[in-house]
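Residue numbers (this note's numbering): 228 to 448.
No residue lacks a Cβ here, since even glycine has one placed at the ideal position from N, Cα and C.
Right, one structure below, let's go through it.
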Amino acid sequence: MNNCTVSIIVPIYNAEQYINNCITSIRNQTFTSFELILINDGSTDQSEIICKKHMSEDNRIIYKYQKNNGVSFARNAGIEIAKGKFITFVDADDVINERYLEKLMEKQIKYKLDLTACAHINIKKEQKKYCSSYFEDTYVEGKGILKTVIPKIYYNGKMQALCNPVCKLYKKEIIDLYNIRFDEEITLHEDRLFNIAYMEKYPAFFIYLSRYIIELYGKTL
Numbered sequence: 228m229n230n231c232t233v234s235i236i237v238p239i240y241n242a243e244q245y246i247n248n249c250i251t252s253i254r255n256q257t258f259t260s261f262e263l264i265l266i267n268d269g270s271t272d273q274s275e276i277i278c279k280k281h282m283s284e285d286n287r288i289i290y291k292y293q294k295n296n297g298v299s300f301a302r303n304a305g306i307e308i309a310k311g312k313f314i315t316f317v318d319a320d321d322v323i324n325e326r327y328l329e330k331l332m333e334k335q336i337k338y339k340l341d342l343t344a345c346a347h348i349n350i351k352k353e354q355k356k357y358c359s360s361y362f363e364d365t366y367v368e369g370k371g372i373l374k375t376v377i378p379k380i381y382y383n384g385k386m387q388a389l390c391n392p393v394c395k396l397y398k399k400e401i402i403d404l405y406n407i408r409f410d411e412e413i414t415l416h417e418d419r420l421f422n423i424a425y426m427e428k429y430p431a432f433f434i435y436l437s438r439y440i441i442e443l444y445g446k447t448l
């Protein structure tokens with residue numbers, strides 16, 4: 228798709244237990260102007276078969292196989308081929324609400340946001356638990372973001388949602404302008420570094436995060 232609004236990037240590695248539900252939830256979005264980029268990072272299970280079945284049924288899906296290099300390589304590969312004005316990342320074991328894109332885009336358009344984010348629910352051993360709670364609208368200018376928003380990325384309590392790249396809508400033009408990528412040399416906190424790089428490179432930010440706007444069900448650990 229050349230005129231899609233959002234590129235959804237899903238890194239996949241041996242996710243046959245989850246990937247069908249993940250892709251189905253994405254295909255069922257009420258906001259339909261998107262491309263789904265599936266990056267298979269060297270899976271040895273049935274993930275490829277499941278992905279190709281969905282691809283044969285939906286022309287919004289792009290599938291790429293690469294040798295196993297890790298999630299950072301996979302996400303970066305997705306960024307390289309993304310054509311949307313915005314990028315969102317979904318993990319292979321996530322299932323998103325059908326209005327996920329609709330609500331994120333609604334807020335992006337209303338407030339002209341550089342980063343739009345929402346809360347999600349962490350499901351572990353069949354118990355649903357919020358990993359993030361209400362985060363008041365925050366607007367910061369210039370380096371003020373270093374003192375206000377970035378410290379919350381490392382907070383061990385309510386604001387943990389800013390750690391990871393899921394549940395967020397990024398502007399592709401910002402990612403491209405500053406060549407922001409996931410660090411392929413590390414396997415811990417690479418997602419936090421990506422978010423820091425994205426936020427500190429841009430002069431102003433308005434971040435919207437609320438459990439009441441959208442719920443991301445999934446993230447099975």
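Rounded separation between residue i and residue j - CA only
i       : j       : result
Gln-273 : Ala-319 : 13 Å
Asn-328 : Ala-344 : Note that residue 328 is Leu in the sequence shown, not Asn. Leu-328 and Ala-344: Cα-Cα distance of roughly 11 Å.
Asn-296 : Ser-270 : 11 Å
Phe-316 : Ser-252 : 14 Å
Ala-346 : Ile-276 : 31 Å
Met-282 : Tyr-290 : 7 Å
Ile-288 : Glu-307 : 15 Å
Glu-333 : Glu-284 : 28 Å
Ile-413 : Gln-335 : 31 Å
Asp-403 : Lys-279 : 29 Å
Arg-326 : Lys-337 : 16 Å
Lys-330 : Leu-340 : 13 Å
Lys-312 : Gln-244 : 31 Å
Ala-309 : Leu-415 : 25 Å
Asn-422 : Tyr-405 : 13 Å
Thr-259 : Ala-242 : 25 Å
Tyr-425 : Asn-286 : 30 Å
N- and C-terminal bounds of the beta strand (DSSP E) containing residue i
i       : result
Ile-413 : Ile-413 -> no beta strand (DSSP E), and no H or E assigned at all.
Ala-304 : Per DSSP, Ala-304 belongs to no beta strand (DSSP E); it is in the alpha helix (DSSP H), 298-308.
Tyr-290 : 288-293
Ser-234 : 233-239
Ile-407 : Note, Ile-407: premise wrong, no beta strand (DSSP E); not H, not E.
Lys-395 : 395-398
Asp-268 : 261-268
Thr-315 : 313-316
Ala-344 : 342-344
Close beta carbons around residue i, own chain, < 7 Å, minus the five adjacent residues each side
i       : result
Asn-248 : Val-322
Ser-299 : Phe-409, Asp-410, Glu-411, Glu-417
Lys-355 : Caution is warranted here: a pLDDT of 47 is assigned to Lys-355, below 50, making its placement in the model unreliable, and the coordinate value is therefore given only provisionally. So the qualifying residues of the chain are Ile-348.
Host alpha helix (DSSP H) of residue i (start-end)
i       : result
Glu-329 : 327-338
Glu-284 : 274-284
Asn-247 : 246-254
Neighbourhood of residue i by C-beta distance below 6 Å, restricted to the same chain and skipping five residues each side
i       : result
Leu-420 : Asp-410
Ile-314 : Ser-234, Tyr-397, Lys-399
Asn-391 : Asp-418
Ala-301 : Pro-238, Ile-266, Asp-268
Lys-294 : Gly-269
Asn-255 : Glu-325
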